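Below is one structure, written out as structure tokens; comments come after it.
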Amino acid sequence: MAKIGVFVCHCGENIASMVETAKLVSTIADHPGVEISTEYKYFCSDPGQETVKKAIREHNLTGVVVAACSPRMHEQTFRKACAEAGLNPYMLEMANIREHCSWVHTDKKEATDKAIEITRSLVEKVKRNNDLQPISVPVTRRAMVIGGGVAGIQAALDIASAGREVVLVEREPSIGGHMAQLSETFPTLDCSQCILTPRMVEAIQHPNITVMTYSEVEEVDGYIGNFSVKVRKKARYVKMETCTGCGDCIQKCPVKKIPSEFECSLGNRTAIYTPFAQAVPNVPVIDRSRCTYFKNGKCGICKKTCQIDSIDFDQQDIIETLEVGAIVVATGFQVQDTSGYGEYGYGRYKDVITGLHFERLASASGPTAGKILRPSDGKEPQTVVFIQCAGSRDVSKGVRYCSRICCMYTSKHAMLYAHKVHEGVSQIFYMDIRAAGKGYDEFTRRAIEEDKAGYIRGRVSKVYEENGKLIVRGADTLLGRQVEVQADMVVLATAMVPQHDAKDFAKKIGISYDEYGFYNEAHLKLRPVESSTAGIYLAGACQSPKDIPDSVAQASAAAAKVLGLFSKEHLEREPVVAMVTESTCAGCWGCATACPYNAIDHRDINDRNGNLIKRVASVNPGLCQGCGTCVSFCRSNSIDLAGFTEKQIFAEVMAL
Amino acid sequence: MGIQEQYRNEAAELLSSGAVKLVIGYGEGSTSDRRRPVFIRSADETARLVLDANCIANLSGYLVPEGLLSDGKSVAVFLKPDGIRSVNILAAEAQVNPDQVVILGFDIDGGQASPLPGRKATDFAPLIESQKSTGLSTELQQEADQLELMSATDRFEYWNQQFSKCIKCYACRQVCPMCYCRRCIVDVNQPQWVNTSSHTLGNFEWNIVRAFHLAGRCVACGGCDRACPVNIPLRLINHRMSKEALDAFDHFAGESADQKPVLATFRQDDPETFIL
Ligand SMILES: Cc1cc2nc3c(=O)[nH]c(=O)nc-3n(C[C@H](O)[C@H](O)[C@H](O)COP(=O)(O)OP(=O)(O)OC[C@H]3O[C@@H](n4cnc5c(N)ncnc54)[C@H](O)[C@@H]3O)c2cc1C
Ligand code: SF4
Ligand code: SF4
Ligand code: SF4
Ligand code: SF4
Chain C
1 MAKIGVFVCH CGENIASMVE TAKLVSTIAD HPGVEISTEY KYFCSDPGQE
51 TVKKAIREHN LTGVVVAACS PRMHEQTFRK ACAEAGLNPY MLEMANIREH
101 CSWVHTDKKE ATDKAIEITR SLVEKVKRNN DLQPISVPVT RRAMVIGGGV
151 AGIQAALDIA SAGREVVLVE REPSIGGHMA QLSETFPTLD CSQCILTPRM
201 VEAIQHPNIT VMTYSEVEEV DGYIGNFSVK VRKKARYVKM ETCTGCGDCI
251 QKCPVKKIPS EFECSLGNRT AIYTPFAQAV PNVPVIDRSR CTYFKNGKCG
301 ICKKTCQIDS IDFDQQDIIE TLEVGAIVVA TGFQVQDTSG YGEYGYGRYK
351 DVITGLHFER LASASGPTAG KILRPSDGKE PQTVVFIQCA GSRDVSKGVR
401 YCSRICCMYT SKHAMLYAHK VHEGVSQIFY MDIRAAGKGY DEFTRRAIEE
451 DKAGYIRGRV SKVYEENGKL IVRGADTLLG RQVEVQADMV VLATAMVPQH
501 DAKDFAKKIG ISYDEYGFYN EAHLKLRPVE SSTAGIYLAG ACQSPKDIPD
551 SVAQASAAAA KVLGLFSKEH LEREPVVAMV TESTCAGCWG CATACPYNAI
601 DHRDINDRNG NLIKRVASVN PGLCQGCGTC VSFCRSNSID LAGFTEKQIF
651 AEVMAL
Chain V
657 MGIQEQYRNE AAELLSSGAV KLVIGYGEGS TSDRRRPVFI RSADETARLV
707 LDANCIANLS GYLVPEGLLS DGKSVAVFLK PDGIRSVNIL AAEAQVNPDQ
757 VVILGFDIDG GQASPLPGRK ATDFAPLIES QKSTGLSTEL QQEADQLELM
807 SATDRFEYWN QQFSKCIKCY ACRQVCPMCY CRRCIVDVNQ PQWVNTSSHT
857 LGNFEWNIVR AFHLAGRCVA CGGCDRACPV NIPLRLINHR MSKEALDAFD
907 HFAGESADQK PVLATFRQDD PETFIL
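In structure tokens, the structure reads:
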């Protein structure tokens, strides 16, 4: 006989102000199987939990329903209370009459009726619950960080310094990401390379970090604590083990006119190259698509040049399978392709460039050795117009959000320009100046007050060329008039957008993303560095536009989460796993195909003499994540989910 | 020599050589234009086999009874292209081992049965491929178009009326080669998802469940449609689901013996039109 205890919580006023709890309590008390029904202001409090425990002992309850908040809040609390009172923790159900009821309704009577129905349906469910025991699975205490920008490097270093192994996977030939391309960084104007390269070197030298550059993740299988990741190490055609990074091959390569990706095409590279001088690892790669040897078998100069025979044209891609317990995704961002903006003339006029180009011009190691020289004729521009929100906050450009960094780096650019071209005039078209970080507003003030950045509030409607000058036409909305500015160079603060393959990558590794392709956190406020998939964490600009301080902070936070996971050798998992009814299973393997975690195997049923009677599905409880996909697939209902059996769900629904 | 003669001889040879232990074919039925399945186990019985334009039933369902193929011996079966496709599905769903199935293939065109070359399901791959590229039946499409023209309310009313006739005899299920489950969902009573009584709600539940369970699996053999004693146009439901599977997922039921079930697979480029 079921003896169910129902505990109706007021949640202060959260529930009691909209649901007549007394009526709920008395109605449920009459429901068949309910032994005791009672209410209290805060059941999650100590005295509240004591009440529950006492009732379990005194009434020998077989099941408990707490009608309160979402199970996400307090299911664990009450499960623990049940266990302490000697009841199997899985004999508890939470009836969510807060998020699903009191918070979203305005009519007291209707809300009360709904609360009664919700509670009743869980009473019906809990009557059909069974004792379950948690499943314990081992944790592989080794992490993978995907993306070797500043966020990925930071996460890797933090995890490694705490004594755990890390594999850092970067798809480019060098780690460093966008930060390696920057000149000086707001809000302190320290040189980007100078603060980043020591970190890069530390990462590659760290005994706990394996850096895999020029490598891409192909496939992720498994689950929290036990991922199996296939990584493709692309052929470099240069032997990592022997190359000393002398660079002789690069010097000698005759194919010299390839626009350098790292230099945003402001400079060139060779077919065998490292993206930049301080690359880590300092081992070149051969760009197969450009190399003469790969085109027609001729050349091979690099091979002849290399004194230690480190060039190997026969290298092949290698697929490595790595077992890791946690994954940090730090794949970063890209700047939006601005060529779609006809009105700004990008792509049409050589001297209309993006902020990232400007970084390269201002960088001491850049193509102009840090001189601000315009691309068209290499002259020093006397007037530079900066256009903020070039793409961001513009529905028609598909980027509704604020990219968060452009206000700051535009101020920085105006400052750097003033420091390098003393007589230069900078004009900045802006919508708002968003400078909300530590030291940020002071930074933009400094640009205005000390470095004479001329801010014009308004949008630019058109950039065109006249008599060799760029004319920027726009509105000054503060003065309420049209303005036209002549400029020698125009810098667009282009939007920060997800990597071009962000969505495909998310599907590959099984995390969710927003409408743009930025990766979703599990909870924007309370779980900002966890992805929607257990064991996969997020760091840096892949989650949303971020500057360096925020990227680094998030990376350290993700590392802390990983280390928390690695603090135990075993992980307790919910016993919500699928189970097969072997007598009716037809062995069609539909469930096995549908299972996203490869948790279903074949099992032979033999007679006493070992002859095969039939072959049925069999669930590996270590792998099963309890998603229920198989249950919804099986046509004959031969597979069911412990804790959420069809019987339970059906009873729940029918009680409504 | 006509096709009937030819296939009788062939069946006799398969049986006497021991290549197959059983031939599943057509025999005379209760009226002159009806055929019923016959199960021939020795060469001297092959004279009972009939093969003509009346042999329309899909016999592949007779391959699945538990134990029939467990001795590893082969069985020959008379099949039209739709039946060959169902053998592929049965193989894909691990219900038959295609190596144990010898296909005596034929097609019916212009009131005539004619032989199809090939003996193994894989031999018919080009034929099935060409069927796929031709697309689903245009006749059915025209009939379906009529329904699509109706407003949603009218269409609902139409099906409401049709389903209200259903007497839950499950003839549609018994005849379908794809309905091989050891326990059909309608026979599950813990919990009783599908109402067993034949009132409109129960009938709706059953017919919708049937439609979904056959999505991407129905080969349009028409067995259910002919079996239905109250003439519910089941072909139109099946057709609608097949069209959905083909248009949205490029899935043509029974293309090959390793085809994956459309409702159990996910591809990165699957349309997500249902996600708002
Ligand atoms: C013009 C400009 C100026 C800026 N100036 C400043 C400044 O002054 N101060 C400041 O604080 N911030 C500045 N920023 C912002 C700064 O660049 C970012 O905050 C920072 O680079 C984010 O780091 P990240 O590691 O998240 O991403 P990224 O730097 O983009 O690094 C991501 C890395 O992941 C790799 N990757 C991507 N996909 C994969 C994959 N599938 N597999 C393996 N590897 C992959 C990429 O190759 C890259 O190396 C500026 C940005 C721009 C555009
Ligand atoms: S889907 Fe159902 S019948 Fe098919 S193998 Fe899985 S449990 Fe068995
Ligand atoms: S519930 Fe089923 S589909 Fe989901 S992980 Fe478990 S076995 Fe796989
Ligand atoms: S649903 Fe009907 S038409 Fe389709 S395969 Fe089954 S019996 Fe044939
Ligand atoms: S054959 Fe017709 S009447 Fe019988 S169950 Fe099927 S749809 Fe209903």
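Taken in order, these protein sequences are the chains called C and V.
Numbering (this note's numbering) for the first sequence: 1 to 656.
Numbering (this note's numbering) for the second sequence: 657 to 932.
Ideal placement from N, C-alpha and C gives every residue a C-beta, glycine not left out.
All of these numbers come straight from a predicted model, not from anything done at the bench.
In its own chain, which residues sit with a C-beta less than 8 Å from the C-beta of residue i, not counting the 5 before and 5 after it?
i                : result
Pro889 (chain V) : Glu799, Gln818, Asp881
Kindly list the residues whose CB is nearer than 7 Å to the CB of residue i, restricted to its own chain and excluding five residues on each side of it in sequence; keep chain order.
i                : result
Arg775 (chain V) : Val758, Ile759
Lys561 (chain C) : Val529, Glu530, Tyr537
Ala83 (chain C)  : Pro89
Cys835 (chain V) : Arg829
Asp926 (chain V) : Phe905
Arg269 (chain C) : Ile258, Ser260
Lys125 (chain C) : Glu93, Gln648, Ala651, Glu652
What in chain V is Cβ-close to residue i, meaning under 8 Å?
i                : result
Trp103 (chain C) : Ordered by position in chain V, no residue passes the 8 Å Cβ test against Trp103 (chain C), which lies about 23 Å from the chain.
Asn637 (chain C) : Arg839, Ile841, Val844, Trp849
Asp504 (chain C) : Gln924
Quick check: residue i and residue j, are their CB atoms within less than 9 Å of each other?
i                : j                : result
Glu50 (chain C)  : Met212 (chain C) : no
Gly370 (chain C) : Lys420 (chain C) : yes
Ala352 (chain C) : Leu492 (chain C) : The amino acid at residue 352 (chain C) is misidentified as Ala; the sequence shows Val. Going by C-beta atoms, Val352 (chain C) is nearer than 9 Å to Leu492 (chain C).
Val844 (chain V) : Asn637 (chain C) : yes
Ile605 (chain C) : Trp589 (chain C) : no
Met897 (chain V) : Ala920 (chain V) : no
Glu555 (chain C) : Ala162 (chain C) : The question names Glu, but residue 555 (chain C) is Ala in the sequence shown. No. Outside cutoff.
Val166 (chain C) : Val139 (chain C) : no
Ile433 (chain C) : Phe386 (chain C) : no
Val384 (chain C) : Asp488 (chain C) : yes
Ala143 (chain C) : Ala539 (chain C) : no
Lys824 (chain V) : Gly878 (chain V) : no
Asn887 (chain V) : Lys788 (chain V) : no
Ala703 (chain V) : Ala747 (chain V) : no
Counting only Cβ pairs nearer than 7 Å, list the residues of chain V close to residue i.
i                : result
Ile647 (chain C) : The question names Ile, but residue 647 (chain C) in the sequence shown is Lys. Chain V residues near Lys647 (chain C): Gln846, Pro847.
Lys507 (chain C) : Gln924
Along chain V, which residues have their Cβ under 9 Å away from the Cβ of residue i?
i                : result
Cys82 (chain C)  : The contacting residues do not exist; Cys82 (chain C) stays about 26 Å from chain V at best.
Phe518 (chain C) : Within 9 Å Cβ-Cβ: nothing; Phe518 (chain C) doesn't reach chain V, min ~18 Å.
What does residue i pair with, by DSSP beta-bridge criteria?
i                : result
Gly63 (chain C)  : C:Ile4
Lys233 (chain C) : C:Ser215, C:Ile318
Gly222 (chain C) : C:Phe227
Thr185 (chain C) : C:Asp190
Lys776 (chain V) : Partner(s): none; Lys776 (chain V) has no beta bridge.
Val497 (chain C) : C:Gln334
Ser618 (chain C) : C:Asp601
Using C-beta distances below 6 Å, list every residue in its chain close to residue i, excluding the 5 sequence neighbours before and after it, in chain order.
i                : result
Cys191 (chain C) : Glu184
Pro771 (chain V) : Ile659, Phe762
Gly622 (chain C) : Val137
Ile318 (chain C) : Lys233
Thr106 (chain C) : none
Lys239 (chain C) : Ser310, Asp312
Against residue i, what residues of chain C qualify as contacts under a CB-to-CB distance less than 7 Å, listed in chain order?
i                : result
Leu919 (chain V) : Phe633
Glu661 (chain V) : Ordered by position in chain C, no residue passes the 7 Å Cβ test against Glu661 (chain V), which lies about 39 Å from the chain.
Ala750 (chain V) : Gly587, Cys588, Trp589
Tyr836 (chain V) : Ala586
Which residues in chain C sit within 9 Å of residue i, going by Cβ to Cβ distance?
i                : result
His895 (chain V) : Simply none; closest approach about 20 Å.
His869 (chain V) : Arg635
How would you list, in chain order, the residues of chain C whose beta-carbon sits under 8 Å from the beta-carbon of residue i?
i                : result
Lys916 (chain V) : Thr593
_Could you tell me which whole alpha helix (DSSP H) segments of length 4 or greater appear in the region 843–869 of chain V?_
Runs of alpha helix (DSSP H) with 4 or more residues, each lying fully within the region 843–869 of chain V, are found at 856–869, listed in chain order.
_Sequence ranges, beta strand (DSSP E) only - wholly within the region 224–306 of chain C, length at least 3_ = As far as the region 224–306 of chain C is concerned, its whole beta strand (DSSP E) runs of at least 3 residues are 226–233.
*Ordered list of beta strand (DSSP E) runs contained in the region 20–45 of chain C, each at least 3 residues*: Contiguous beta strand (DSSP E) elements confined to the region 20–45 of chain C occur at 34–40, taking only those with 3 or more residues.
*For the region 781–832 of chain V, list the alpha helix (DSSP H) runs that are entirely contained and at least 4 residues long, ordered along the chain.*
With a minimum length of 4 residues, the continuous alpha helix (DSSP H) runs that stay inside the region 781–832 of chain V are 781–790, 794–805, 808–820, 827–831.
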